[in-house]
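J.: Here's a structure for you.
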Amino acid sequence: MLLSGEETGATSATIASPIYKFRTTVLVAPYGDLLACMEMAKVADLIAFGVSANSLYDGCESTSLIDSFGAQALSVFRAVGLPSTAVMIRDLPTDIRRKQELKKMSVSCLASELPEDCKFYLADTKEELHKFMWLFREQHLSAPHWRNQRSYVMSQEVGYEPDADNPGTCTLLLSGYVRAHCLSVNQLVHVSGAGDFQLSRIDVLNDPVPMNERKDRNSMDSDELNSSQVMRTILPDPMNQEPLLVENTPDPLAGEQTWPTEAEIAEADADNKERKLKKKILPRGTSDYQAAWIVEDTSDEDSDNNEEGSDGMVLDEQNGDTVQDGFDQSDTDEAPFNEHFDEETEADTDMVDNENLTKEQIEAEIKKLKDASAVDEEFPDEVETPIGVPAKKRFAKYRGLKSFRTSSWDPKESLPPEYARIFAFDNFTKTQKHVTLEVLNRDQGSMNDCLPVGSYTRLHIKHVPVDVASKVCSLSRKSPVIACGLLQHESKMSVLHFSVKKHESYEAPIKSKDTFIFNVGFRQFIARPVFSSDDINSTKHKMERFLHPGRFSIASVYAPICFPPLPVVVLKSGHGETPLVAAVGSLRSVDPDRIVLKKIILTGYPQRVSKLKASVRFMFHQPDDVRWFKPVEVFTKCGRRGRVKEPVGTHGAMKCVFNGVIQQHDTVCMSLYKRAFPKWPEQRFPLWH
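Counted the way my numbering counts, the sequence shown spans residues 945 to 1633.
Written as structure tokens, this is what we have:
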């Protein structure tokens, strides 16, 4: 492949040399077409970079040998996985001494950009190219590990035949050599950018480029023998063929409530007796799982028993005391929060006096306070509480957490409808070992339904839409089309998690739930990811609205199942433009139960402060909202922690108690969380646009 030079179209040729005793397919990458270069790199056993020594006459600089396109292509090749590499140095002078000097300069300039085992060759004369071919024959070629896990066919010829039984579909014909592993006719195959399909049959063809060609064969015999002669045909076994199962069929009765049995009623009565009068006052409609969130706090705390406890998000009544969920007083040595806070303060009177404000005046006051704080980068999750909509309705799906790391969150709770369409594994690691073992057994077993590695074959891929097949044929003129044999379960949809990093050449912001093209190994599909932090030691992960440069994040998507390790290259397509490389990374896991939480912070501002007490306004705009969110802990940007005591007036002001003296200029915050899910893609494959 050329990193610099004149622009050329993509060409390929398969040759068998009796002199060097090997057969090879040479692909010349089109300069400037990054996508075509990436597809060629996926199947290449050796990548040869062409370098001109003319750029060294002005001094040795790495940027003078590798241009901008070459640097971008090289970074993508590293993300996909570099096979064996070689550098062909051209345009060297005839003087032997000067030639050796320029060769050493080229090696020193490129050594840091290429793998350590990269070989450098001279490529000006015919003798030097012959030397390269002999050395190439003896060289041990290495390939990325992910590529050796699946069988694949790189297209030599592509065509299609209309299907008379199913109008609008056709049979895609793809000819090439089987590589890496044996290919079974009962397997599913993925065609680059087109999707997953079944095989109707496989034709074993006569090798068009045989290694040991008879010397006494004339040209007429050779043409007759090599004209796509079918040596053997393999048909699939309907009992053993992998079904093309993509989505699960939802059961509409799966969530129906059944009448409990007598044994279940007796067990529930026994559990109620064991609670020992620990009755929890909960809002109407609270589930048992939400009740399990309540903290069993046994500390003695003087609280007002006359407050309306049933209006809060989560409350716990124990020994006649109302305990706030999300705050533990034993964590601090400061004075009690409710000390000397029973009487009405001067701040409360002022709050009532300032309630005759219009909606525009309140919004202007809030904006003025937010502009004065100027800490948006430090607290990026801040949101404004709407004035016209009750906060308990606007943020009904959010809840407070006592501890983001240790608090429980049921991964099966309140799942979206898309989760009824996906598949999950009881033990993903065990399933992967079983699937990998099947590939090895297929290679060592009988060849009744399989093709051995090196066979020249024609794949008959059925039920391909005609417009998709025509796009595949036009795509084959620019880069090879790859048909990859899928492992078991790899056509089914699930939730995949990728560890990705923003590519240095992509400058636009990458937002969660935007549409991207994922290149995962040989496969391509469209997905709308949600980004989250990579917290290995936590069961919950914070959602990130954007993919930030310079660090890795986890991209969670609805996509077909893939078994790691696999590289991923994320492309962002514009309106009719060539897709750009947005991010690179690798497949982390397949796990629908991974919890991604979206965090928001509601902010309020102290109006009157008296040591540990403060009257806070503008966090809420209705007293019912204050009562609803009262169990959630509050904190300040200066590090104080506290709780909401009661609402004041009719415009959402509230009394708060903190574990230390707060400042007048401080900001009171409340963190709320809800689970975030990726978006289901409208189209699953790029060529279906």
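Each residue gets a CB set at the ideal place from its N, CA and C atoms; glycine is no exception. If you're wondering where the values come from, they're calculated on a predicted model, not measured in any experiment.
1. Compare the beta carbon distance of Arg1628 and Phe1469 with 8 Å and say whether it is the shorter of the two.
2. Per the contact definition of three or more C-beta pairs closer than 8 Å, is the region 1022-1035 in contact with the region 982-994?
3. Would DSSP call Ala1124 helix, strand or coil?
4. Can you round the beta-carbon distance between Lys1574 and Val1588 to whole angstroms, since I take them to be within the 8 Å contact cut?
5. Sort Val1578, Leu1073, Lys1377 by Cα distance to Phe1507 and report the nearest one.
6. Per DSSP, Pro1409 forms a beta bridge with which residues?
7. Are there 16 or more other CB atoms within 10 angstroms of the CB of Ile963, so buried, or fewer, so exposed?
8. Over what stretch of residues does the alpha helix (DSSP H) that includes Ile1040 continue unbroken?
9. Does the separation of the CB atoms of Ser1438 and Phe1367 fall below 8 Å?
10. Quick one: Cα of Gly1139 to Cα of Met1098, how far?
11. Is Gly1398 helix, strand or coil by DSSP?
12. Determine, using beta carbons only, whether Val1540 comes closer than 8 Å to chain C.
13. Quick one: Cα of Ala985 to Cα of Phe1021, how far?
14. Along the chain, which unbroken stretches of the beta strand (DSSP E) at least 3 residues long are found entirely within the region 1518-1597?
15. Measuring CA to CA, which of Lys1557, Lys1516, Ser1482, Leu1430 is closest to His1125?
16. Quick one: give me the first and last residue of the beta strand (DSSP E) that Gly1139 is part of.
17. Got a sec? Which residues, its chain only, sit under 8 Å from Leu1073 by beta carbon, not counting five neighbours each side?
18. Expressed to the nearest angstrom, what Euclidean distance is found between the alpha-carbon atoms of Asp1035 and Val1474?
19. Tell me the start and end of each unbroken beta strand (DSSP E) in the region 1054-1081 that is at least 3 residues and wholly inside, in chain order.
20. In terms of DSSP beta bridges, what is Asn1463 paired with?
21. Per DSSP, Asp1325 forms a beta bridge with which residues?
22. With DSSP as the reference, label Thr1302 as helix, strand or coil.
23. For the beta strand (DSSP E) that contains Leu971, what are its first and last residues?
24. Have a look at Tyr1363, Leu1510, Val1425, Ser1351 and flag the residue whose alpha-carbon is nearest the alpha-carbon of Cys981.
25. Quick one: residues in its chain with C-beta nearer than 6 Å to the C-beta of His1407, no 5 flanking neighbours on either side, listed in chain order?
26. Going by other Cβ atoms of all chains shown within 10 Å of its Cβ, with 16 needed for buried, is Lys1446 buried or exposed?
27. Three Cβ pairs or more, each shorter than 8 Å: is that satisfied between the region 1491-1506 and the region 1611-1625?
28. Are the Cβ atoms of Pro1088 and Gly1025 separated by less than 8 Å?
29. Compute the beta-carbon to beta-carbon distance between Lys1153 and Arg967, rounded to the nearest angstrom, for a pair I have assumed lies under 8 Å.
30. Let's see if you can read the secondary structure: which residues bound the alpha helix (DSSP H) around Leu979?
31. Would you tell me roughly how many angstroms separate the C-alpha atoms of Val1512 and Trp1203, rounded to the nearest one?
32. With 16 as the cutoff for other CB atoms within 10 Å, does Ile1209 come out buried or exposed?
33. Residues in its own chain within less than 6 Å of Thr1061 by CB, not counting five upstream and five downstream?
34. So what's Phe1372 in DSSP terms, helix, strand or just coil?
35. Roughly how many angstroms lie between the CA atoms of Phe1462 and Ala1471, to the nearest whole one?
36. Beta carbon of Lys1543, beta carbon of Val1601: below 8 Å?
T.: Working from what's here:
1. Against the sequence shown, residue 1628 aligns to sequence position 684. Against the sequence shown, residue 1469 aligns to sequence position 525. Yes, the Cβ-Cβ distance between Arg1628 and Phe1469 is below 8 Å.
2. yes
3. By one-based count along the sequence shown, residue 1124 stands at place 180. It is coil, neither helix nor strand.
4. Here residue 1574 corresponds to residue number 630 of the sequence shown, with the count starting at 1. Here residue 1588 corresponds to residue number 644 of the sequence shown, with the count starting at 1. Indeed they touch by this definition, with Cβ atoms about 5 Å apart.
5. Position 563 of the sequence shown, counted from the first residue, corresponds to residue 1507. Distance check between Phe1507 and each of Val1578, Leu1073, Lys1377 places Lys1377 closest, using alpha-carbon atoms only.
6. Residue mapping note: residue 1409 aligns to position 465 of the sequence shown, counting from 1. Thr1113, per the DSSP bridge assignment.
7. Working through the sequence shown from its first residue, we reach residue 963 at position 19. Exposed, since its Cβ has fewer than 16 Cβ neighbours within 10 Å.
8. Here residue 1040 is taken as the residue at index 96 of the sequence shown, counted from 1. For Ile1040, the enclosing alpha helix (DSSP H) has its first and last residue at 1040-1054.
9. Here the question's residue 1438 lines up with position 494 in the sequence shown. Here the question's residue 1367 lines up with position 423 in the sequence shown. In this structure, Phe1367 lies closer than 8 Å to Ser1438 by Cβ.
10. For this step, residue 1139 is matched to residue 195 along the sequence shown. For this step, residue 1098 is matched to residue 154 along the sequence shown. About 16 Å.
11. If you number the sequence shown from 1, residue 1398 lands on position 454. Secondary structure of Gly1398 (DSSP, three-state): coil.
12. Here chain C cannot be found, since the structure has a single protein chain.
13. Against the sequence shown, residue 985 aligns to sequence position 41. Against the sequence shown, residue 1021 aligns to sequence position 77. Taking the straight line from one Cα to the other gives about 7 Å.
14. 1524-1534, 1539-1554, 1557-1561, 1578-1580, 1585-1592
15. Within the sequence shown, numbered from 1, the residue matching residue 1125 stands at position 181. Closest option to His1125, Cα to Cα, is Leu1430.
16. Counting from 1 along the sequence shown, the entry for residue 1139 is found at position 195. Note, Gly1139: beta strand (DSSP E), 1139-1141.
17. Indexing the sequence shown from 1 puts residue 1073 at position 129. Answer for Leu1073: Ala1067, listed in chain order.
18. Position 91 of the sequence shown holds residue 1035. Position 530 of the sequence shown holds residue 1474. One C-alpha to the other measures close to 49 Å.
19. As far as the region 1054-1081 is concerned, its whole beta strand (DSSP E) runs of at least 3 residues are 1063-1066.
20. As a position in the sequence shown, residue 1463 is number 519, starting the count at 1. Gln1468, Val1513, per the DSSP bridge assignment.
21. In the sequence shown, the residue the question calls residue 1325 occupies position 381. Answer is none; Asp1325 lacks a bridge partner.
22. Here residue 1302 refers to the residue found at position 358 when the sequence shown is read from its first residue. Three-state result, Thr1302: coil.
23. As a first step, residue 971 is located in the sequence shown; it is residue number 27 there, counting from the start. Run containing Leu971: 966-972, per the beta strand (DSSP E) assignment.
24. In the sequence shown, counting from the first residue as 1, residue 981 sits at position 37. Ranking Tyr1363, Leu1510, Val1425, Ser1351 by Cα distance to Cys981 puts Val1425 first.
25. As a position in the sequence shown, residue 1407 is number 463, starting the count at 1. The residues are Thr1113.
26. Counting from 1 along the sequence shown, the entry for residue 1446 is found at position 502. Buried is the call here.
27. yes
28. Residue mapping note: residue 1088 aligns to position 144 of the sequence shown, counting from 1. Residue mapping note: residue 1025 aligns to position 81 of the sequence shown, counting from 1. Yes, Cβ-Cβ distance for Pro1088 and Gly1025 is below 8 Å.
29. The residue labelled residue 1153 in the question sits at position 209 within the sequence shown. The residue labelled residue 967 in the question sits at position 23 within the sequence shown. For the record, residue 1153 in the displayed sequence is Val; it is not Lys. The Cβ separation is near 6 Å, so the contact holds.
30. Here the question's residue 979 lines up with position 35 in the sequence shown. Per DSSP, Leu979 belongs to the alpha helix (DSSP H) from 978-987.
31. Residue 1512 sits at position 568 when you count from the first residue of the sequence shown. Residue 1203 sits at position 259 when you count from the first residue of the sequence shown. Rounded to the nearest angstrom, the two C-alpha atoms are 49 Å apart.
32. As a first step, residue 1209 is located in the sequence shown; it is residue number 265 there, counting from the start. Exposed: under 16 other Cβ atoms inside 10 Å.
33. Taking the first residue of the sequence shown as 1, we reach residue 1061 at position 117. This sequence places Asp at residue 1061; Thr is not what is there. The answer is none, since no qualifying residue turns up.
34. By 1-based counting over the sequence shown, the position of residue 1372 is 428. Residue state, collapsed to three classes: helix.
35. In the sequence shown, counting from the first residue as 1, residue 1462 sits at position 518. In the sequence shown, counting from the first residue as 1, residue 1471 sits at position 527. About 7 Å.
36. Within the sequence shown, the letter at position 599 stands for residue 1543. Within the sequence shown, the letter at position 657 stands for residue 1601. Inclusion of Lys1543 and Val1601 in the CB contact set at 8 Å is not warranted, their separation being larger than that value.
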